[in-house]
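In the order they appear, the protein sequences are chains L and Y.
The first sequence begins at 1 in full-length UniProt numbering and counts up by one.
The second sequence begins at 1 in full-length UniProt numbering and counts up by one.
Note that the Cβ used here is the ideal one computed from N, Cα and C, for glycine as well.
Protein chains: 2
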Amino acid sequence: MNITIVGAGSIGLLYAVYCAEAGMKVTLITRTKKQADLINKSGVEFIRQDDHLLVDHIDAYEITTVAEHFTDLVIFAVKSYQLPDVLPLIKEKIKSSSWLFLQNGLAHVEMLEGINQVEIGLAVIEHGAKKEGATSVQHTGKGTTRWAYYKKQDEMSVLGSFFESFKNKQFPNEYAEEWLPMLHLKLLVNGVINPLTTIFQVKNGELLKNPYIREIMNPLIEELTEVLSVPRDKGIKKVLEVCTFTQNNTSSMLTDRLSGRRMEIEAILGYAVRLAKQNRRSTPYLTYTYMAVKGIENETGRREV
Amino acid sequence: MNITIVGAGSIGLLYAVYCAEAGMKVTLITRTKKQADLINKSGVEFIRQDDHLLVDHIDAYEITTVAEHFTDLVIFAVKSYQLPDVLPLIKEKIKSSSWLFLQNGLAHVEMLEGINQVEIGLAVIEHGAKKEGATSVQHTGKGTTRWAYYKKQDEMSVLGSFFESFKNKQFPNEYAEEWLPMLHLKLLVNGVINPLTTIFQVKNGELLKNPYIREIMNPLIEELTEVLSVPRDKGIKKVLEVCTFTQNNTSSMLTDRLSGRRMEIEAILGYAVRLAKQNRRSTPYLTYTYMAVKGIENETGRREV
């Protein structure tokens, strides 16, 4: 099976090495020519517990120079705010009937209108992955990939056989019947942990230990479960589980804040705020949290000017 | 007139030099022996615009070693959370019929029950003052001292003649008929500017420039004006005026955060949160802001351990 992965951050690299390990032919598309050159020259280092493996048969291309080609499946592993730039280039160059999206939040789903791929899948990643450099990725926490069809083709499913090929227990996945509840549950978790760890500049586990942050987190969870129609108890349990499971992790949004990168707030809390507004719900904790992250981002921008 | 000033932070030092300049005999009570020794040895340097004056006739004592004495007026210029430690010592040593309190918030007023001074005054300081070192204070912004009687003696008022002696235009004061609206208006200003500048780590003027922080500030002002019974338009106007007037200042709470000192949150937002609870008002922006500062304080404490 030929797989083209767009985006070589932690998740893109993680998928690239697991696909290569499963015997697929992987083409990796990067943002910079430098990263593509390094991967073509040295391969990708893959760290899993105490194992260090070198995966040296991945072809990498910088996105604007990628050769036109046919592929079985395109996996989009860029941030959702990068999709508007990336999608037209990929559509033009890469012929594929099946696409898979790994973005957080729901902003990317709004971009799928009118796209004529015969099969589109959506997935949420519950694996821990850390990019250690341009050509190195660590699988820091074994979780699962939950996936669902957004658009299903009648006959043979590329997505189905793609996910079936990971018999490897190190990289499990689970099929979900419905994509919206799956994305909403993930958004709930991201919408609580990412912004709060970013505002308070703490590791994920600290949200459970600091009683004052809990006084903010609890009503925020309540509001989000209502807005996203996630069953309340299920939502609370899931957020607390993930906080505990990833207690020593620095969330992706805090990592972005600390490195001065753009934060992925619109696709996550921005979506929830707009949904609350449409449904005329009063969500002060959600709005406050959203505005606080936007305010922090605005300050960072201002300082950089 | 003999004046005893308890507390040698920026406001205590500012009052000490202006009282000395007005010809009063000033006794200054410090927390550390080191600061008292330095003041007794070198005097207090007083910076006002381009003037540097040396005020060398202030007697300073560390609080536990202060000699018993009679004085016309005791001015309390410590943080309100320091009052429970300070009040019993002062009561024991210093005989005075008149007391004046300069604290932020309202926590100190709750400590005045059963105190038998014949005259008690409350004041709010709208001057800018910056302590430049143990023996140096700068008058950074000419504002005013608003004062009111909490308890008035029938006959001659020490407080009245104290404030009248500042004919000096550099250090004006204004009398207020009622102490509660005066303190509530000041609490509104402090309760908005101090916490928000602390959470976002910005100078006061930034609250007006950052549109996302404004989205938090506006409903916070609304809730606080309701809880504190401050007329809405008057409250909004006052907060925006002070933000503009002090735009280049670092708020006292942010200064405390940045130096790892305890923050004065209980007397300000803690009081407002409790008042809202008593009156069964829903105040999500107020509660969120209060919990956020407490959460930050909790993290600082945890890191220091």
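Backbone secondary structure at Gln49 of chain L - three-state DSSP:
coil
Quick one: does Ile265 of chain L have its CB under 8 angstroms from some CB of chain Y?
no
DSSP puts Thr30 of chain Y in a beta bridge; with which residues?
Y:Glu62
Between Tyr15 of chain L and the rest of its own chain, which residues show a CB-CB distance below 7 angstroms, the 5 nearest in sequence each way excluded?
Ile5, Ile75, Ala77
Counting only runs that start and end within the UniProt domain "Ketopantoate reductase N-terminal" (3 to 150) of chain L, where is the alpha helix (DSSP H) found for 4 or more residues in a row?
10 to 21, 33 to 42, 83 to 93
For Ile63 of chain Y and Thr198 of chain Y, which I take to be in contact (beta-carbon distance under 8 angstroms), what is that distance rounded to the nearest angstrom?
The Cβ separation is near 28 angstroms, so there is no contact.
Mapping DSSP to helix, strand and coil, what is Asn173 of chain L?
strand
Determine the chain Y residues that contact Asn249 of chain L at a beta-carbon separation under 7 angstroms, and present them in chain order.
Within 7 angstroms Cβ-Cβ: nothing; Asn249 of chain L doesn't reach chain Y, min ~17 angstroms.
Using only alpha-carbon positions, find the residue among Y:Lys169, Y:Glu164, Y:Tyr285 that is nearest to Pro219 of chain L.
Y:Tyr285
Just to confirm the assignment, what range does the alpha helix (DSSP H) spanning Asp233 of chain L have?
232 to 245
Assumed close pair Leu228 of chain L, Leu187 of chain L - CB separation to whole angstroms, cut-off 8 angstroms
6 angstroms
Of the choices Y:Val242, Y:Ile3, Y:Val124, Y:Asn168, whose alpha-carbon is the least far from that of Ala148 of chain Y?
Y:Val124
According to DSSP, is Met291 of chain Y part of a helix, a strand, or is it coil?
helix
Comparing the C-beta of Met291 of chain Y with each C-beta of chain L, is any distance below 8 angstroms?
yes
Cys243 of chain Y versus Val189 of chain L: straight-line alpha-carbon distance, rounded
36 angstroms
Taking the CB atoms as reference points, tell me whether Tyr288 of chain Y and Ile216 of chain L lie closer together than 8 angstroms.
yes
In chain L, what lies closer than 7 angstroms to Asn210 of chain Y by C-beta?
Gly295, Asn298, Glu299
Within 10 angstroms of the Cβ of Tyr272 of chain Y, are there 16 or more other Cβ atoms? Answer buried if so, exposed if not.
The sequence given here places Ala at residue 272 of chain Y; Tyr does not occur at that position. Classification for Ala272 of chain Y: buried.
For chain Y, check one thing: does any of its Cβ atoms lie closer than 8 angstroms to the Cβ of Val202 of chain L?
yes
Grab me the residues of Leu122 of chain L's own chain with a C-beta within less than 6 angstroms of its C-beta, minus the 5 sequence neighbours each way, in chain order.
Phe101, Ala148, Tyr150, Trp179
Hey, does Glu304 of chain L have any beta-carbon neighbour from chain Y nearer than 8 angstroms?
Unreliable placement is indicated for Glu304 of chain L, whose pLDDT of 48 sits below 50; the coordinate value is still reported in the next sentence. So no, Glu304 of chain L is outside the interface.
Give, in chain order, every residue of the region 70 to 89 of chain L whose Cβ lies closer than 7 angstroms to some Cβ of chain Y.
none
Taking all protein chains shown into account, do 16 or more other C-beta atoms lie within 10 angstroms of the C-beta of Asn168 of chain Y, making it buried, or fewer, making it exposed?
exposed
With distances taken Cα to Cα, identify the nearest neighbour of Thr283 of chain Y among Y:Asp72, Y:Glu223, Y:Lys130.
Y:Glu223
With a 10 Å radius around its C-beta and 16 neighbouring C-beta atoms as the bar for buried, classify Asn194 of chain Y as buried or exposed.
buried
So, is Leu54 of chain L buried or exposed, given that buried needs 16 or more other C-beta atoms within 10 angstroms?
exposed
Using the rule of at least 16 other Cβ atoms within 10 Å of the residue's Cβ for burial, across every protein chain shown, is His184 of chain L buried or exposed?
buried
DSSP on Leu180 of chain Y, reduced to helix/strand/coil?
helix
My understanding is that Ala202 of chain L touches Ile221 of chain L, with C-beta atoms under 8 angstroms, so please give their C-beta distance in whole angstroms.
It should be pointed out that residue 202 of chain L corresponds to Val in this sequence rather than to Ala. In fact, because the Cβ distance is near 17 angstroms, the residues do not count as touching under 8 angstroms.
CB contact check: Glu45 of chain Y to chain L, cutoff 8 angstroms:
no
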